[in-house]
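Engineer: Residue numbers (the working numbering): 3 to 303.
#1: Can residue 125 be considered in contact with the ligand SAM, in the sense that its beta carbon sits closer than 7 Å to one or more heavy atoms?
#2: How far does the beta strand (DSSP E) with residue 149 in it extend, from its first residue to its last?
#3: So, helix, strand or coil for residue 261, using DSSP?
#4: I think residue 14 touches residue 85, with their Cβ atoms under 8 Å apart; what is that distance to the nearest whole Å?
#5: Could you give the distance in angstroms between the alpha-carbon of residue 135 and the alpha-carbon of residue 159?
#6: Assuming residue 46 and residue 59 form a contact by the criterion Cβ under 8 Å, report the distance between their Cβ atoms to the nearest whole angstrom.
#7: Going by other Cβ atoms of all chains shown within 10 Å of its Cβ, with 16 needed for buried, is residue 110 buried or exposed?
#8: For residue 188, which residues in the same chain have their Cβ closer than 7 Å to its Cβ, ignoring the five residues on either side in sequence?
#9: Which same chain residues, not among the five before or five after residue 25, have their C-beta less than 8 Å away from its C-beta?
#10: By a C-beta neighbour count over all protein chains shown, 10 Å radius and 16 as the cutoff for buried, is residue 81 buried or exposed?
#11: Nearest to residue 91 by alpha carbon, out of 177, 265, 17, 162?
#12: With distances taken from CA atoms, which of 124, 185, 181, 262 is nearest residue 75?
#13: So the alpha helix (DSSP H) residue 99 belongs to, where does it begin and stop?
#14: Are the beta-carbon atoms belonging to residue 108 and residue 48 less than 8 Å from one another?
#15: Over the uninterrupted alpha helix (DSSP H) stretch that includes residue 180, give me the two end residues.
#16: The alpha helix (DSSP H) that contains residue 36, what's its start and end?
#17: Looking only at its own chain, which residues have a Cβ that is under 6 Å from the Cβ of residue 283, when we skip the five neighbours before and after it?
#18: Looking at the strands, I want to know which residues DSSP matches up with residue 143.
What follows is the structure, given as structure tokens:
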């Protein structure tokens with residue numbers, strides 16, 4: 003995909019992306035040296051004729067590539083877009099998402115293109131692109147390295163292109179795996195994220211997966227927060243904390259202070275003065291109760 007666009011930034015390498023790059027490049031090296039392409043294809047490619055007997059190929063096919071440009075195309079995209087997502091979600095969630103998108107591509111191929119075997123990480127990579135566009139929809143990328151466009155529109159264009167190629171009988175490339183990876187990636191994110199991905203790893207976390215990772219803000223996916231700056235994040239955390247306190251804490255019960263005899267006598271005198279000035283009909287209900295209480299006390303003495 004490097005021929006089509008340039009990513010807006012080059013994030014540092016993350017653990018899962020590094021392992022995925024190593025696996026893909028390593029298997030391609032084995033194709034060229036020890037086992038040959040035919041041997042690797044036979045063992046690892048997803049072939050509808052051998053499925054479900056060769057059930058493992060729904061995963062292994064995504065680590066095999068037909069030619070160097072095919073490998074470079076996918077690995078460049080993974081290197082450019084994957085680390086930022088892994089930093090956002092954490093290593094485990096990113097790996098799960100990547101594999102599920104690849105499996106989505108396999109399902110689409112088995113369902114819609116049963117005439118040939120398929121290899122390549124394109125399904126998983128397409129899912130990564132969808133996730134990036136959903137997480138940073140207004141991020142500016144460059145189509146063909148020249149035309150600036152929002153990442154969401156880039157993914158929409160790729161999806162449309164994949165569908166057109168998938169429906170073309172003359173196409174030699176199985177674009178259904180691309181579409182399947184995009185579709186399952188979108189479904190995965192909508193089911194497990196709010197405002198999603200994030201529920202993939204949970205919403206609140208300030209502890210990085212390893213000591214070198216950048217701290218993650220609260221909440222986990224930071225959809226409304228990362229781009230608004232630290233002050234916006236702090237304000238929102240404070241507001242949430244206050245809301246929880248108001249919702250969960252029991253209201254404080256007021257315990258009245260015991261009235262001293264002097265204070266009681268002063269209240270009675272004020273009521274008596276009011277009677278002498280305005281008449282007994284001017285008394286309130288509480289003032290009448292006070293007089294009744296005083297009468298009981300006098301009778302009890």
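Positions of the beta carbon are idealized from the N, C-alpha and C atoms, including for glycine. Since the model is a prediction, treat every value here as computed from it, not as a measurement.
Structural biologist: Result, derived from the coordinates:
#1: For the ligand SAM, the structure offers nothing, since it holds no ligand at all.
#2: On the chain shown, position 147 is the one that residue 149 refers to. Unbroken beta strand (DSSP E) run through residue 149: 149-152.
#3: Position 259 of the chain shown holds residue 261. Residue state, collapsed to three classes: coil.
#4: The count along the chain shown starts at 1 and reaches residue 14 at position 12. The count along the chain shown starts at 1 and reaches residue 85 at position 83. The Cβ separation is near 6 Å, so the contact holds.
#5: Translated into positions along the chain shown, residue 135 becomes position 133. Translated into positions along the chain shown, residue 159 becomes position 157. Distance between the alpha carbons of residue 135 and residue 159: 12 Å.
#6: Walking along the chain shown from the start, residue 46 turns up at place 44. Walking along the chain shown from the start, residue 59 turns up at place 57. That belief holds up - the Cβ atoms of residue 46 and residue 59 are roughly 6 Å apart, short of 8 Å.
#7: Taking the chain shown and counting its residues from 1, the one referred to as residue 110 is at position 108. Residue environment: residue 110 is assigned as buried (16 or more neighbouring CB atoms within 10 Å of its CB, all protein chains considered).
#8: For the purposes of this step, residue 188 is taken as the residue at position 186 of the chain shown. Around residue 188: 132.
#9: Locating residue 25 in the chain shown gives position 23, where the first residue counts as 1. In chain order, 65 place their CB closer than 8 Å to the CB of residue 25, counting only its own chain and leaving out the 5 sequence neighbours on each side.
#10: The residue given as residue 81 occupies position 79 in the chain shown. Buried, since its Cβ has 16 or more Cβ neighbours within 10 Å.
#11: As a first step, residue 91 must be located in the chain shown, where it is residue number 89. Of the listed residues, the one whose Cα sits closest to residue 91 is 17.
#12: Within the chain shown, the letter at position 73 stands for residue 75. Check the Cα spacing between residue 75 and each of 124, 185, 181, 262: the tightest is with 124.
#13: What you label residue 99 is simply residue 97 of the chain shown in a count that begins at 1. 93-114 is the span of the alpha helix (DSSP H), which, as asked, contains residue 99.
#14: Start at 1 with the first residue of the chain shown, and residue 108 comes out as number 106. Start at 1 with the first residue of the chain shown, and residue 48 comes out as number 46. Note that the C-beta distance between residue 108 and residue 48 is below 8 Å.
#15: Within the chain shown, residue 180 is the residue found at index 178, counting from 1. Following the DSSP letters along the chain, one finds residue 180 inside the alpha helix (DSSP H) bounded by residues 178-194.
#16: Here residue 36 is taken as the residue at index 34 of the chain shown, counted from 1. Element bounds for residue 36: n/a, residue is neither H nor E.
#17: Working through the chain shown from its first residue, we reach residue 283 at position 281. Excluding positions up to five away in sequence, the list is empty.
#18: Locating residue 143 in the chain shown gives position 141, counting from the first residue. For residue 143, which the question treats as bridged, DSSP gives the partners 151.
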